[in-house]
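Here our numbering is used: the first residue of the sequence shown is 227, the next is one more, and so on. Below: the structure, in structure tokens.
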Amino acid sequence: MSGNRCGDRRPPFVIYHAFGLSRSFFSFLAGLYLLAQQHASSPQSFSDGSGFRPPTSSAPAPHTPAPVIEHSNPVSPPGSRLNLTLAGNELRYQAAVRERRTLIEKFGGPDAVAFPEPHTASYTLWDLYGPAFSCPFPVYRVGTMGDGGKWVCGLERATHHPNCVIYSMGVERQSSFEQEVLRQSKDCQVYGFDFSVSQWGPELLADTEVNDRAHFFPYKIGAVDNHEVTPKQYSLQGIMKELGHDFIDIWKVCAPPCPIHPPIDIEGSEFAALSAVIESFKGKPLPFGQMQIEIHLNFGPDYVKTIGAFDKVRLVGFFLFLFQIQSLSELTTRINPSQWWTMLEDAGLRPFWTELNLLDVNVIRRGPFVGEWSFINIRGRHPLVDDRLPDYP
Numbered sequence: 227m228s229g230n231r232c233g234d235r236r237p238p239f240v241i242y243h244a245f246g247l248s249r250s251f252f253s254f255l256a257g258l259y260l261l262a263q264q265h266a267s268s269p270q271s272f273s274d275g276s277g278f279r280p281p282t283s284s285a286p287a288p289h290t291p292a293p294v295i296e297h298s299n300p301v302s303p304p305g306s307r308l309n310l311t312l313a314g315n316e317l318r319y320q321a322a323v324r325e326r327r328t329l330i331e332k333f334g335g336p337d338a339v340a341f342p343e344p345h346t347a348s349y350t351l352w353d354l355y356g357p358a359f360s361c362p363f364p365v366y367r368v369g370t371m372g373d374g375g376k377w378v379c380g381l382e383r384a385t386h387h388p389n390c391v392i393y394s395m396g397v398e399r400q401s402s403f404e405q406e407v408l409r410q411s412k413d414c415q416v417y418g419f420d421f422s423v424s425q426w427g428p429e430l431l432a433d434t435e436v437n438d439r440a441h442f443f444p445y446k447i448g449a450v451d452n453h454e455v456t457p458k459q460y461s462l463q464g465i466m467k468e469l470g471h472d473f474i475d476i477w478k479v480c481a482p483p484c485p486i487h488p489p490i491d492i493e494g495s496e497f498a499a500l501s502a503v504i505e506s507f508k509g510k511p512l513p514f515g516q517m518q519i520e521i522h523l524n525f526g527p528d529y530v531k532t533i534g535a536f537d538k539v540r541l542v543g544f545f546l547f548l549f550q551i552q553s554l555s556e557l558t559t560r561i562n563p564s565q566w567w568t569m570l571e572d573a574g575l576r577p578f579w580t581e582l583n584l585l586d587v588n589v590i591r592r593g594p595f596v597g598e599w600s601f602i603n604i605r606g607r608h609p610l611v612d613d614r615l616p617d618y619p
């Protein structure tokens, strides 16, 4: 019936007009309402001192979360582009951690072999520890192709500022990485530490335009300072104190036996140095912006004889990071690698790149048991996480 208002089929704009509201004004009010609803339902953010504030997630945490770090100099503003990028990267990384745990259980749990025999499984240990965090800046390979080069996050941003400091632990016999870093930035000083060689590699020695900013020390690296032995042993903290440094922009670590060296048993000293610095900075941001590290599983023919066979090597419980293991019993007591990896994660380190080092495959015809890893430190105040710092030309 024409008098029935409930059955009124007039177009909406006629109804709005009847109430004295224009269509555009009604849309404006609706937009404000939706915006208010979205703001009210959005999760609160927190600051962990990382330079960004990732939104909370309802998914269960894969392991004990990293400690909350409060400081008086909060870095990137919550709504900045860098902050939002890092927050999204962290959410994706935590999802990858959960998937890792699921896959480990799927493949048999901690007792699964690290490198299954051919045609027996579709995974290797390397597949489970992927670089699931994205560097928020361009990533470049610095140094020669093949063994020696490293993948670096935001090279220009990380190094183009006054007093840039690069540490290189494990110089080996070639220094293309250090040479290229110095050529890319006129402000950087590179400090090398290696007791097994006496000088930089030929690339850097021959480059007189930059080698005056390269400084070599025949030091052995360890968890504590011990200057009574030969060669002298230094902790990372001891070196930084001696040289007057409070922050390292790029820390390159080669874990001997480096592929070019003859095997040298230094008892995993670089690992000990890394563990010591993480322990001493617990509750505080680590003193470096990013880390490039070689990880050796040390499964050469000599080691196969001592541990029995590859099927005795455990996937999670007995990861052979940075150690030369002499017996199976020693293998079970030296280190729990899942704890080692979690130690890096809890300290604010996130892997953003990995590359299998094929020197073992090409030269020795084994492996690949050597991996190159690059980590970004998501905590503290440094150019990779703080967009309030200036971009130097």
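Think of the CB as a built atom: it goes at the ideal place given N, C-alpha and C, for glycine as much as any other residue.
What first and last residue would you give for the beta strand (DSSP E) that runs through residue 575? On the sequence shown, residue 575 is found 349 positions in, with the first residue counted as 1. Where residue 575 is concerned, the enclosing beta strand (DSSP E) stretches over 575-582.
Tell me which residues share the same chain as residue 329 and place their Cβ nearer than 7 Å to its Cβ, disregarding the 5 neighbours each side in the sequence. Within the sequence shown, the letter at position 103 stands for residue 329. Closer than 7 Å at the Cβ level, and outside the excluded window around residue 329, lie 354.
Measuring CA to CA, which of 311, 607, 320 is closest to residue 363? In the sequence shown, counting from the first residue as 1, residue 363 sits at position 137. Nearest option by C-alpha distance: 311.
Do residue 390 and residue 472 come within 9 Å of each other at the CB atom, strictly closer than that value? Within the sequence shown, the letter at position 246 stands for residue 472. Within the sequence shown, the letter at position 164 stands for residue 390. At the C-beta level, residue 472 and residue 390 stay beyond 9 Å of one another.
What number of angstroms, rounded off, separates the C-alpha of residue 305 from the C-alpha of residue 368? As a position in the sequence shown, residue 305 is number 79, starting the count at 1. As a position in the sequence shown, residue 368 is number 142, starting the count at 1. Approximately 32 Å, taken between the alpha carbons.
What whole-angstrom Cβ distance do residue 442 and residue 425 have, given they're in contact under 8 Å? By one-based count along the sequence shown, residue 442 stands at place 216. By one-based count along the sequence shown, residue 425 stands at place 199. Contact flag correct, Cβ pair sits at about 6 Å.
Residue(s) in a DSSP beta bridge with residue 477: By 1-based counting over the sequence shown, the position of residue 477 is 251. Assignment of beta-bridge partners to residue 477 by DSSP yields 393, 517.
Tell me residue 441's beta-bridge partners as DSSP assigns them. Residue numbering aside, residue 441 sits at position 215 when the sequence shown is read from its first letter. 417, per the DSSP bridge assignment.
Nearest to residue 462 by CA position, among 430, 499, 587, is which residue? For the purposes of this step, residue 462 is identified with residue 236 of the sequence shown, where counting begins at 1. The candidate whose alpha carbon is nearest that of residue 462 is 499.
Which residues DSSP lists as bridging residue 603, in chain order: Within the sequence shown, the letter at position 377 stands for residue 603. Note: residue 603 sits in a beta bridge opposite 575.
Sorted by chain position, which residues of the same chain lie with C-beta nearer than 6 Å to residue 406's C-beta, five sequence neighbours on each side aside? Mapped onto the sequence shown, residue 406 falls at position 180. Taken in chain order, the residues that qualify are 368, 369.
Is residue 349 helix, strand or coil by DSSP? In the sequence shown, counting from the first residue as 1, residue 349 sits at position 123. Residue 349: coil per DSSP, three-state reduction.
For my contact list, residue 597 and residue 521 are in at a C-beta cut-off of 8 Å; report their separation, rounded to the angstrom. Position 371 of the sequence shown holds residue 597. Position 295 of the sequence shown holds residue 521. With a Cβ gap of about 5 Å, residue 597 and residue 521 count as contacting.
Proximal residues to residue 468 (C-beta, below 6 Å), its chain only, five neighbours per side dropped: For the purposes of this step, residue 468 is taken as the residue at position 242 of the sequence shown. Within the same chain, no Cβ atom closer than 6 Å to the Cβ of residue 468 is found once the five residues on either side in sequence are excluded.
Quick check: residue 411 and residue 401, are their CB atoms within less than 9 Å of each other? For this step, residue 411 is matched to residue 185 along the sequence shown. For this step, residue 401 is matched to residue 175 along the sequence shown. For residue 411 and residue 401, no; Cβs fall outside 9 Å.
Report yes or no: is there a C-beta of chain C within less than 9 Å of the C-beta of residue 313? Among the protein chains of the structure shown there is no chain C, as only one such chain exists.
Go ahead and pull the three-state DSSP assignment for residue 614. On the sequence shown, residue 614 is found 388 positions in, with the first residue counted as 1. If DSSP states are grouped into helix, strand and coil, residue 614 belongs with coil.
Along the chain, where does the alpha helix (DSSP H) containing residue 407 start, and where does it finish? Reading the sequence shown from its first residue, position 181 is the one you call residue 407. Unbroken alpha helix (DSSP H) run through residue 407: 402-410.
Would residue 604 be called buried (16 or more neighbouring beta carbons within 10 Å of its own) or exposed? The residue labelled residue 604 in the question sits at position 378 within the sequence shown. Buried, by the Cβ-count rule.
What is the residue span of the alpha helix (DSSP H) that residue 376 lies within? Position 150 of the sequence shown holds residue 376. That residue, residue 376, is in no alpha helix (DSSP H); its beta strand (DSSP E) goes 376-379.
Contact between the region 503-513 and the region 571-588: three or more CB pairs below 8 Å? yes
How big is the Cα-Cα spacing for residue 505 and residue 568? Sequence index remark: in the sequence shown, residue 505 carries index 279 (1-based). Sequence index remark: in the sequence shown, residue 568 carries index 342 (1-based). So the two alpha carbons sit approximately 13 Å from each other.
So what's residue 597 in DSSP terms, helix, strand or just coil? Numbered from its first residue, the sequence shown carries residue 597 at position 371. Strand.
Proximity to residue 586 [Cα-Cα], best of 361, 308, 372, 600: As a first step, residue 586 must be located in the sequence shown, where it is residue number 360. Taking only the C-alpha atoms, the option nearest residue 586 is 372.
According to DSSP, what are the bridge partners of residue 368? Stepping through the sequence shown from its first residue, residue 368 is reached at position 142. Looking at the DSSP output, residue 368 shares a beta bridge with 376.
Keeping to the same chain, check which residues put their C-beta closer than 7 Å to that of residue 579; ignore five residues upstream and five downstream. For the purposes of this step, residue 579 is taken as the residue at position 353 of the sequence shown. So the qualifying residues of the chain are 357, 365, 377, 600.
Where residue 423 and residue 457 are concerned, what is the direct C-alpha to C-alpha distance, given to the nearest angstrom? In the sequence shown, counting from the first residue as 1, residue 423 sits at position 197. In the sequence shown, counting from the first residue as 1, residue 457 sits at position 231. The straight-line gap from Cα to Cα measures roughly 11 Å.
According to the neighbour-count rule (16 or more other Cβ atoms, all chains shown, within 10 Å of its Cβ), is residue 610 buried or exposed? Along the sequence shown, one-based indexing puts residue 610 at 384. The residue in question, residue 610, is buried, as its Cβ has 16 or more Cβ neighbours within 10 Å.
Given this structure, state the Cα-to-Cα distance separating residue 338 from residue 507, to the nearest angstrom. Counting from 1 along the sequence shown, the entry for residue 338 is found at position 112. Counting from 1 along the sequence shown, the entry for residue 507 is found at position 281. If you take the alpha carbons of residue 338 and residue 507, they lie about 34 Å apart.
Taking all protein chains shown into account, decide if residue 384 is buried (16 or more other Cβ within 10 angstroms of its Cβ) or exposed. The residue labelled residue 384 in the question sits at position 158 within the sequence shown. Answer is buried; the Cβ neighbour count reaches 16.
So, is residue 264 buried or exposed, given that buried needs 16 or more other C-beta atoms within 10 angstroms? Looking up residue 264 in the sequence shown gives position 38. Confidence at residue 264 is low in this model, with a pLDDT of 45, below 50, so its placement is unreliable and no value can be given for it.
Between residue 205 and residue 454, what straight-line distance do the alpha-carbon atoms span, to the nearest angstrom? Since the first residue shown for the chain is 227 and the last is 619, residue 205 is missing from the structure and cannot be characterised.
For the alpha helix (DSSP H) that contains residue 323, what are its first and last residues? Within the sequence shown, numbered from 1, the residue matching residue 323 stands at position 97. Segment 307-332, the alpha helix (DSSP H) holding residue 323.
Selection from 360, 437, 418, 332 that minimises the alpha carbon distance to residue 460: In the sequence shown, residue 460 corresponds to position 234, counting from 1. With distances taken between Cα atoms, residue 460 lies closest to 418.
Under the DSSP definition of a beta bridge, which residues are partnered with residue 452? Stepping through the sequence shown from its first residue, residue 452 is reached at position 226. 459.
Quick one: Cα of residue 594 to Cα of residue 374, how far? Looking up residue 594 in the sequence shown gives position 368. Looking up residue 374 in the sequence shown gives position 148. Near 16 Å, if we compare the C-alpha coordinates of residue 374 and residue 594.
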